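Same order as they appear, the protein sequences are chains A and B.
So for the first sequence, numbering that gives the first Met the number 0 puts the first residue at 0; every next one is plus one.
So for the second sequence, numbering that gives the first Met the number 0 puts the first residue at 0; every next one is plus one.
Taking it in order: structure first as structure tokens, then the write-up.
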Amino acid sequence: MSQMQAQKLVLEARGLTKRYGHVTALDGTDFELRSGEILAVIGDNGAGKSSLIKALSGAMVPDEGQILLDGAQVSFKSPIDARREGIETVYQDLAVVPAMTIAENLFLGREILRPGRLGRFMRLLDKKRMLVESQSYMDGLKIGLRSITQAVETLSGGQRQGVAVARSAAFARHVVIMDEPTAALGVKEGNMVLQLIRNVRDKGLPVIIISHNMPHVFEIADRIHIQRLGRRAAIVNPKRISMSDTVAVMTGAMQAQDLPAECLS
Amino acid sequence: MPGEIVKSLTRAHWPTGFLPLSSLGPLAALLLACLFFSTQSDRFLSLQNFSLILQQVMVVGTIAIGQTLIILTAGIDLSCGAIMALANVAMAKFAVQYGWDPYLAIVVGIALSTGFGMINGLLVTKARLPSFIVTLATLNIAFAFTQIFSGAETITNLPPAMTALGNPLMVFGAPVLWGSLVMLGLYLLTWWVLRDTAPGRHVYAVGNNIESARLTGIATNRVLLGVYTAAGLLYGIAALLSVARTGVGDPQAGQTDNLASITAVVLGGTSLFGGRGVVLGSLVGALIVGVFVNGLTLMGVQSVYQMLITGILVLLAVATDQMVHKRR
Numbered sequence: 000m001s002q003m004q005a006q007k008l009v010l011e012a013r014g015l016t017k018r019y020g021h022v023t024a025l026d027g028t029d030f031e032l033r034s035g036e037i038l039a040v041i042g043d044n045g046a047g048k049s050s051l052i053k054a055l056s057g058a059m060v061p062d063e064g065q066i067l068l069d070g071a072q073v074s075f076k077s078p079i080d081a082r083r084e085g086i087e088t089v090y091q092d093l094a095v096v097p098a099m100t101i102a103e104n105l106f107l108g109r110e111i112l113r114p115g116r117l118g119r120f121m122r123l124l125d126k127k128r129m130l131v132e133s134q135s136y137m138d139g140l141k142i143g144l145r146s147i148t149q150a151v152e153t154l155s156g157g158q159r160q161g162v163a164v165a166r167s168a169a170f171a172r173h174v175v176i177m178d179e180p181t182a183a184l185g186v187k188e189g190n191m192v193l194q195l196i197r198n199v200r201d202k203g204l205p206v207i208i209i210s211h212n213m214p215h216v217f218e219i220a221d222r223i224h225i226q227r228l229g230r231r232a233a234i235v236n237p238k239r240i241s242m243s244d245t246v247a248v249m250t251g252a253m254q255a256q257d258l259p260a261e262c263l264s
Numbered sequence: 000m001p002g003e004i005v006k007s008l009t010r011a012h013w014p015t016g017f018l019p020l021s022s023l024g025p026l027a028a029l030l031l032a033c034l035f036f037s038t039q040s041d042r043f044l045s046l047q048n049f050s051l052i053l054q055q056v057m058v059v060g061t062i063a064i065g066q067t068l069i070i071l072t073a074g075i076d077l078s079c080g081a082i083m084a085l086a087n088v089a090m091a092k093f094a095v096q097y098g099w100d101p102y103l104a105i106v107v108g109i110a111l112s113t114g115f116g117m118i119n120g121l122l123v124t125k126a127r128l129p130s131f132i133v134t135l136a137t138l139n140i141a142f143a144f145t146q147i148f149s150g151a152e153t154i155t156n157l158p159p160a161m162t163a164l165g166n167p168l169m170v171f172g173a174p175v176l177w178g179s180l181v182m183l184g185l186y187l188l189t190w191w192v193l194r195d196t197a198p199g200r201h202v203y204a205v206g207n208n209i210e211s212a213r214l215t216g217i218a219t220n221r222v223l224l225g226v227y228t229a230a231g232l233l234y235g236i237a238a239l240l241s242v243a244r245t246g247v248g249d250p251q252a253g254q255t256d257n258l259a260s261i262t263a264v265v266l267g268g269t270s271l272f273g274g275r276g277v278v279l280g281s282l283v284g285a286l287i288v289g290v291f292v293n294g295l296t297l298m299g300v301q302s303v304y305q306m307l308i309t310g311i312l313v314l315l316a317v318a319t320d321q322m323v324h325k326r327r
């Protein structure tokens, strides 16, 4: 236990609360992400996992509670704020522009401009540099694309997911958050994306994934954060707990304190 | 190796190469039309006639640049012709009846239409109204302002400075209006901005998928506001060209230019769903209409048939666009 506590926390939340009218989406939830890990967040519908992720990615401002990045308190008013702090989010609908190329999508909204006046005042693009850099990101991630100048709409679902993951990995300095990264993918493509997520972690970036797919969660996560009724019910170790016990905690059929201590993490 | 890849790709595949394949269709149509009319009338194929066509399309062509920007963001502008007419009578009246310096009158007229464009943009972004409704309203407002302000009367005796762009420049013995050159210059400038600058690419991103654009950090409202304002500026320049070409301030100007400019944009291959298209296509589109009107007139065909043929052309262009996109 003491060895685990010594591990550095990259992203931490304490007592996050969010109410929408009479509905309490988050009821004082805590959250911890360690450096270099893949943390899965699971929970039943309405457990508050989306709200938790929205708060961490800046898409929603919590009513109460603190968010700490590398131990320092931060407050995100928008996803742009979170991104400025090095937190990148892969949204479920991917946030790619289909008619544009892979390279353009990688740099969309943060294009590399020409040095000097041409860039500063004319906002002229440095296409060559963007192409070289996109090529090296894509080579590094091995998603097997023919050309980075293909339009995204010509790609398969898994490849599009790969582009979105690659974009986050390329720009994230702190954390990558992925919302249902394997939803709506076939078996082969799902595995490809899982491998991609491992690659991102192996580069040293901690990853948070939200998923409904238990086999995928168990295959990839280092730890699992179980969200229930707006709070964190438990953090479990997927190597020590069965899938059915995890689901039991998630649905409330079993309490976290009833689990053997080695299951918790 | 990366160097070679980049060399081969920057030219051909970044969707910013010279012209994408989709714009070859309109160009082919234009060439075919020219070929056809040159067999029908021996007066068609001459530099004089071509410079006349250029002169005939210069106002609609300039308006179509602004219309293209708006259609690229998946919007539409019905007010363009009316805004152009307002700027048209405003600059003429300021110069002739108020005795302002003609350059000041021009600047104020263009500023007026830029302001109208900005109002369109604010209504689309802040009030979140559909562009069709917003510009339907501002079409009526601008038209009413034009009639009230001018008393529905044509303003004549313009100072020479105001009509200077209507003067010809001799190119290989054919008179080309300075205004036509202004239109061509604006096309090249807009094409470059859309292709090579970050704000230009953001116009495409916003038009193709506004939600994704927002999530990637693009200030989508600022892009939209910029587009509608720039369109207003272009309508103001079109107003100056219109004044220069006709030599009068005309409250009846531009009444069909909204639909004519949309026709040019669609014929030029820009998708009405936004995010796809090249502004130079709209120039080709405007020229296709110009060539048909000119050629049919030379053949002595009545103008109602010219409209009939324009309608058929638009249907053909949209049907081709649909067929191309279904394959995706």
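For glycine and all other residues, C-beta sits at the position ideal for the given N, C-alpha and C.
If you're wondering where the values come from, they're calculated on a predicted model, not measured in any experiment.
Annotation: the continuous alpha helix (DSSP H) that includes Met83(B) extends over Cys79 to Val95. For the 8 Å CB-CB criterion, Ala94(A) and Thr134(B) do not form a contact. Look at Ala136(B) here: in three-state DSSP terms it is helix. Looking at the backbone, the Cα of Tyr90(A) and that of Met59(A) are separated by about 14 Å.
Secondary structure remark: continuous alpha helix (DSSP H) runs of at least 4 residues inside the stretch 43-69 of chain A, in chain order: 48-56. By alpha-carbon distance to Asp29(A), the top candidate from Val216(A), Ser50(A), Thr250(A) and Gln194(A) is Ser50(A). Taken in chain order, the complete beta strand (DSSP E) segments of 3 residues or longer contained in the stretch 166-191 of chain B are 167-170 and 173-176. Within the stretch 52-83 of chain A, Pro78, Ile79 and Arg82 place their CB atoms closer than 7 Å to a CB of chain B, listed in sequence order.
The C-beta of Val96(A) comes closer than 8 Å to at least one C-beta of chain B. Annotation for Arg109(A): no residue places its beta carbon closer than 6 Å to its own, counting only its chain and skipping 5 residues before and after. Taking 4 residues as the minimum length, the alpha helix (DSSP H) runs contained wholly in the stretch 166-222 of chain A are 186-201 and 213-219, in order along the chain. Ile147(A) sits in coil when the DSSP states are folded into three classes, being neither helix nor strand. A distance below 7 Å between beta-carbons, with the five flanking residues on each side excluded, links Ala160(B) to the following residues of its chain, in chain order: Pro101 and Tyr102. Cα atoms of Gln55(B) and Ser130(B): separation of roughly 28 Å, rounded to the nearest angstrom.
Secondary structure note for Phe30(A): its beta strand (DSSP E) is the uninterrupted segment Val22 to Arg33.
Taking the Cα positions, Gly42(A) is about 39 Å away from Met129(A). Distances from the CA of Thr196(B) to each of Arg13(A), Ile111(A) and Leu15(A) were compared; the closest alpha carbon is that of Ile111(A).
With 16 or more neighbouring CB atoms inside 10 Å of its own CB, Gln158(A) falls in the buried class.
Secondary structure at Thr269(B): coil, using DSSP grouped into helix, strand and coil. Setting aside the 5 residues that flank it on each side, Ala243(B) is surrounded in the same chain by Thr162, Leu164, Gly165 and Gly178, each with a C-beta closer than 6 Å to its C-beta; the list follows chain order. Per the DSSP secondary-structure output, Ile234(A) pairs in a beta bridge with His224(A). In this structure, Ala316(B) and Val265(B) form a Cβ contact; the two beta carbons are roughly 5 Å apart against a cut-off of 8 Å. In the structure shown, the three-state DSSP call for Glu87(A) is strand. Where Arg13(A) is concerned, the enclosing beta strand (DSSP E) starts and stops at Leu8 to Tyr19. With its beta carbon less than 8 Å from one in chain A, Ser211(B) belongs to the interface.
Residue pairing by DSSP places Ala39(A) opposite Ile208(A) and Ile223(A) in a beta bridge. About 12 Å separates the CB atoms of Gly64(A) and Ala24(A); that is not less than 8 Å, and the two are not in contact.
The beta-carbon of Leu214(B) is placed less than 8 Å from the nearest beta-carbon of chain A. Of all residues in the stretch 184-201 of chain B, the ones placed with a Cβ closer than 7 Å to any Cβ belonging to chain A are Asp195, Thr196, Ala197, Pro198 and Arg200, in chain order. For Ala204(B), the enclosing alpha helix (DSSP H) has its first and last residue at Ala197 to Asn207. For Gln72(A), the enclosing beta strand (DSSP E) starts and ends at Ala71 to Val73. Boundaries of the alpha helix (DSSP H) harbouring Pro101(B): Pro101 to Thr124, taken from the DSSP string. When secondary structure is reduced to three states using DSSP, Ile79(A) falls in the helix class. With contacts defined as CB atoms closer than 8 Å, Gly274(B) and Asn207(B) qualify as a contacting pair. Within the same chain, Cβ atoms closer than 8 Å to the Cβ of Ile109(B) are found at Ala86, Met90, Leu232, Gly235, Ile236, Ala238 and Leu239, the five residues on either side in sequence being excluded.
Secondary structure at Gly289(B): helix, using DSSP grouped into helix, strand and coil.
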